[in-house]
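For reference, the structure discussed in these notes is given below.
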Amino acid sequence: MTASGSDPLHSSNQNQLGRTFSHEPVMLKEVLDTFASLREGLFVDATVGGGGHAEALLTDSANRNLLGLDRDLAAVLATRKRLRDFDNRIEIVHCRFDEISGLSQLAEVELSGALFDLGVSSHQLDTADRGFSYRLDSELDMRMDTSAALDAYQVVNNYSERELASIIRAYSDERFAGRIAAAIISQRPISSTLELADVVRGAVPAAARRTGRHPAMRTFQAIRIEVNSELDLIKPALNQIIERLRPGGRIVVLSYHSGEDRIVKQVLREAADGLCVCPSTLPCICGSEPNVKLLRRKVTRPSTDEVNRNPRSASARFRAAERLSAGEA
Numbered sequence: 091m092t093a094s095g096s097d098p099l100h101s102s103n104q105n106q107l108g109r110t111f112s113h114e115p116v117m118l119k120e121v122l123d124t125f126a127s128l129r130e131g132l133f134v135d136a137t138v139g140g141g142g143h144a145e146a147l148l149t150d151s152a153n154r155n156l157l158g159l160d161r162d163l164a165a166v167l168a169t170r171k172r173l174r175d176f177d178n179r180i181e182i183v184h185c186r187f188d189e190i191s192g193l194s195q196l197a198e199v200e201l202s203g204a205l206f207d208l209g210v211s212s213h214q215l216d217t218a219d220r221g222f223s224y225r226l227d228s229e230l231d232m233r234m235d236t237s238a239a240l241d242a243y244q245v246v247n248n249y250s251e252r253e254l255a256s257i258i259r260a261y262s263d264e265r266f267a268g269r270i271a272a273a274i275i276s277q278r279p280i281s282s283t284l285e286l287a288d289v290v291r292g293a294v295p296a297a298a299r300r301t302g303r304h305p306a307m308r309t310f311q312a313i314r315i316e317v318n319s320e321l322d323l324i325k326p327a328l329n330q331i332i333e334r335l336r337p338g339g340r341i342v343v344l345s346y347h348s349g350e351d352r353i354v355k356q357v358l359r360e361a362a363d364g365l366c367v368c369p370s371t372l373p374c375i376c377g378s379e380p381n382v383k384l385l386r387r388k389v390t391r392p393s394t395d396e397v398n399r400n401p402r403s404a405s406a407r408f409r410a411a412e413r414l415s416a417g418e419a
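For the sequence shown, this note's numbering assigns the number 91 to the initial residue and increments by one for each residue that follows.
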């Protein structure tokens with residue numbers, strides 16, 4: 091598989107973007123172990139990022155091809171550069187992962203494996219002008235796809251107090267969501283990340299600010315999720331991929347906070363249970379059958395050694411499932 095050379099991502103800043111994007115793949119051993127029995131066929135890395143997982147999968151077997159997806163142009167450019175030695179076996183596409191069903195590359199193709207590494211990347215957090223970090227001064231942005239219409243400035247300055255409190259509470263479990271929303275409203279317009287971080291800090295009680303975490307961390311997470319519709323995209327994307335897995339094919343999902351993991355857990359368990367609608371006290375007559383079997387009933391977390399080596403992996407949650415044949419239970 092070869093990446094197209096005619097799309098607009100091949101711009102004059104390609105080399106600069108490629109140099110600045112870095113990625114240390116999280117729970118790489120667990121990913122490779124899960125796919126170890128699948129030595130050939132097409133794999134999808136639905137959140138290719140800096141290409142760390144993709145490179146490892148291609149290196150591990152010369153008979154694997156890989157389709158990498160990402161909504162971040164910087165990630166697409168960087169991964170094309172990083173994986174140019176695998177050019178005949180890889181294609182990198184700029185798109186959201188819930189657009190999988192519309193990709194011509196997957197028409198009438200059964201997948202051997204699929205990987206989702208959800209959430210924000212280290213590159214996005216560490217690049218000041220992307221506006222993701224509460225520690226780096228920047229305009230409020232937080233868009234993973236910089237061509238998208240909605241950005242963090244609009245959320246912070248145009249949403250009502252009720253809307254702000256709702257997303258902060260729902261997307262980050264922030265117990266002071268109401269106070270933070272009220273403080274944001276009172277200080278608008280807010281134009282920079284550090285300005286927003288200061289407003290949030292001032293709204294959080296002093297005792298809560300001494301917990302060790304930055305008091306703005308949860309609020310920034312919630313606004314980022316809203317800007318990028320992150321939680322809304324997970325279920326349709328996972329269902330599309332499950333339908334395209336060949337029997338025996340496997341899906342791995344890495345999530346990083348409870349909201350993501352709840353959706354992943356629900357989708358995989360529904361696929362494993364077959365969505366039977368019959369009363370639990372009666373035999374099943376609806377004909378519903380499971381699509382997958384769970385490879386791990388409980389979530390897996392990174393090892394202590396990995397967390398020590400890469401602290402940002404600490405919140406990772408690993409789930410995996412295998413596609414069943416028709417009639418297999």
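Even for Gly, the Cβ is constructed at its ideal location relative to N, Cα and C.
Closest residue to residue i among the options (Cα-Cα distance)
i	options	result
Asp177	Arg220, Ala144, Arg413	Ala144
Asp135	Leu148, Leu156, Ser405, Ala168	Leu156
Met307	Glu181, Ile275, Asp175, Val210	Val210
Glu264	Ile313, Asp207, Asp395	Ile313
Asp216	Ala273, Leu159, Val199, Met232	Met232
Pro337	Val138, Val354, Leu344, Asn381	Asn381
Ile257	Gly158, Phe310, Ala146	Phe310
Ala146	Leu167, Ala197, Leu205	Leu205
Arg386	Ser250, Lys355, Val397, Arg220	Lys355
Asp160	Ser345, Lys325, Leu208, Asn247	Leu208
Phe133	Val342, Val389, Ile353	Val342
Arg340	Glu379, Cys185, Leu201, Glu285	Leu201
Ile315	Leu286, Phe266, Tyr261, Ala296	Tyr261
Ala255	Asp395, Gly203, Val290	Val290
Beta bridge counterpart(s) of residue i as assigned by DSSP
i	result
Ile80	Nothing in the structure corresponds to residue 80, since the chain is present only between 91 and 419.
Ser282	Glu229
Leu335	Leu201
Integer Cβ distance of residue i from residue j, believed to fall under 8 Å
i	j	result
His304	Tyr243	Not confirmed; about 20 Å, so no contact.
Leu230	Thr283	6 Å
Asn214	Asp162	A quick correction: the sequence has Gln, not Asn, at residue 214. Right, the Cβ-Cβ distance comes to about 7 Å (below 8 Å), so this counts as a contact.
Phe187	Ala327	4 Å
Phe408	Glu120	6 Å
Leu384	Ala362	5 Å
Ile270	Asn247	At roughly 15 Å, the Cβ-Cβ gap does not stay under 8 Å, so Ile270 and Asn247 are not in contact.
Ser212	Arg402	6 Å
Cβ of residue i within 8 Å of any chain B Cβ
i	result
Glu360	In summary, chain B is missing from the structure at hand, where a single protein chain is found.
Exercise. Within the stretch 113-196, note down every full alpha helix (DSSP H) run reaching 4 residues or more, in order along the chain.
Key: 118-124, 142-150, 163-172
Exercise. May I have a chain-ordered list of the alpha helix (DSSP H) segments no shorter than 4 residues that lie completely inside the stretch 345-405?
Key: 348-363, 394-399
Self-check item: Segment contact, 8 Å Cβ cut-off, at least three pairs: the stretch 409-417 with the stretch 330-337
Solution: yes
Exercise. Determine, using beta-carbon pairs with one atom in the stretch 118-137 and one in the stretch 146-155, whether at least three such pairs fall under 8 Å.
Key: yes
Quiz item: Contact between the stretch 316-325 and the stretch 338-356: three or more CB pairs below 8 Å?
Solution: yes
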